[in-house]
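Quick notes on the structure that follows.
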Amino acid sequence: MRLVIARCSVDYAGRLTAHLPLAPRLILVKADGSVSIHADDRAYKPLNWMSPPCTLSIDEGTGENGDEQLWTVINKSGEKLLITMAEVLHDSSHELGVDPGLIKDGVEAHLQELLADRMETLGEGWSLIRREYPTAIGPVDILGRDAEGATVAVEIKRRGEIDGVEQLTRYLELLNRDPLLAPVRGVFAAQEIKPQARVLAGDRGIRCVVLDYDALRGIEDDKLRLF
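Mind the numbering: the sequence shown is residues 1157 to 1383 in the numbering used here, read in order.
This is the structure:
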């Protein structure tokens, strides 16, 4: 990645035209070929940019006194981003390598792990049979037993929507065919459950539980909100 801080003006010519007057700005040139111009505000959003694939050419010694650079960025559609550098204040390049990707805190796998370790938060006397219990159409997130010894299948989502309820419904249909497990009840657990999903779950006899991620980690009160 190349980082350039410069006093520059920027002109865009394409489906429309846009002009940024002369001012100090940050210019990022990434390994994928993209070029973006940033001010010291707007959070992560650039003032202007050109997405890859595009080409960058640099002309030295432009301007009346020959002390400017002209960067021309052209994409495959022929749109142009013209960056006129009046003064370069910083110019450095850094090899970042392959990015490992974003690891989100509180993803479904982590929620599953926390809940499996604290089954009592679903009800006093609840216990775990197995995480990722296999079925012919995929694994059930958690299979457990309630205080009366009845089997319960738990489907866990970050955001509970109708498709998650449908998924749990299919699991319950298969699990209830096993005489060693039946009858199997369902629990749909998520950090947020959409109203439509809640209605569908209620219609199918599935209990909904809103998960408090911090509570599961022991940061706050460990009681789940039941709806």
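Just so it is clear, CB atoms sit at the ideal spot from N, CA and C, and this is done for glycine as well.
Cα-Cα separation between Val1310 and Ala1199, rounded to whole angstroms = Locating residue 1310 in the sequence shown gives position 154, counting from the first residue. Locating residue 1199 in the sequence shown gives position 43, counting from the first residue. Using only the alpha carbons, I get a separation of about 39 Å.
task = Using alpha carbons as the reference points, say which of Val1296, Asp1197 and Ser1283 lies closest to Glu1264.
result = The sequence position of residue 1264 within the sequence shown is 108, counting from 1. Closest option to Glu1264, Cα to Cα, is Val1296.
message = Residues in the same chain with beta-carbon distance under 7 Å from Ala1242, minus the five sequence neighbours each way, listed in chain order, please.
response = Taking the first residue of the sequence shown as position 1, residue 1242 is located at position 86. If we look at Ala1242 and ignore the five residues flanking it on each side, its Cβ neighbours are Arg1163, Cys1164, Leu1178 and Glu1224.
request  = Using the Cα positions of Ala1303 and Ala1357, report the straight-line distance between them to the nearest angstrom.
outcome  = Locating residue 1303 in the sequence shown gives position 147, where the first residue counts as 1. Locating residue 1357 in the sequence shown gives position 201, where the first residue counts as 1. Whole-angstrom Cα-Cα distance: 22 Å.
query = Do three or more CB pairs link the stretch 1168-1187 to the stretch 1234-1254 at distances below 8 Å?
reply = yes
query = If you drop the 5 nearest sequence neighbours on each side, which residues of the same chain put their C-beta closer than 7 Å to that of Ile1214?
reply = As a first step, residue 1214 must be located in the sequence shown, where it is residue number 58. Contacts found: Gln1225 and Trp1227.
request  = Please report how far the alpha carbon of Ser1233 lies from the alpha carbon of Ala1169, in whole angstroms.
outcome  = Against the sequence shown, residue 1233 aligns to sequence position 77. Against the sequence shown, residue 1169 aligns to sequence position 13. So the two alpha carbons sit approximately 11 Å from each other.
request  = Report the option in Leu1337, Val1191 and Thr1218 whose CA atom is closest to the CA atom of Leu1203.
outcome  = Along the sequence shown, one-based indexing puts residue 1203 at 47. Ranking Leu1337, Val1191 and Thr1218 by Cα distance to Leu1203 puts Val1191 first.
query = Tell me which same chain residues have a C-beta within less than 7 Å of the C-beta of Ile1230, skipping the five on either side of it?
reply = In the sequence shown, counting from the first residue as 1, residue 1230 sits at position 74. Cys1210, Thr1211 and Lys1236, listed in sequence order.
key: Residues near Glu1216 in its chain [Cβ-Cβ closer than 7 Å; skip 5 each side]   = Locating residue 1216 in the sequence shown gives position 60, counting from the first residue. Answer for Glu1216: Gln1225, listed in chain order.
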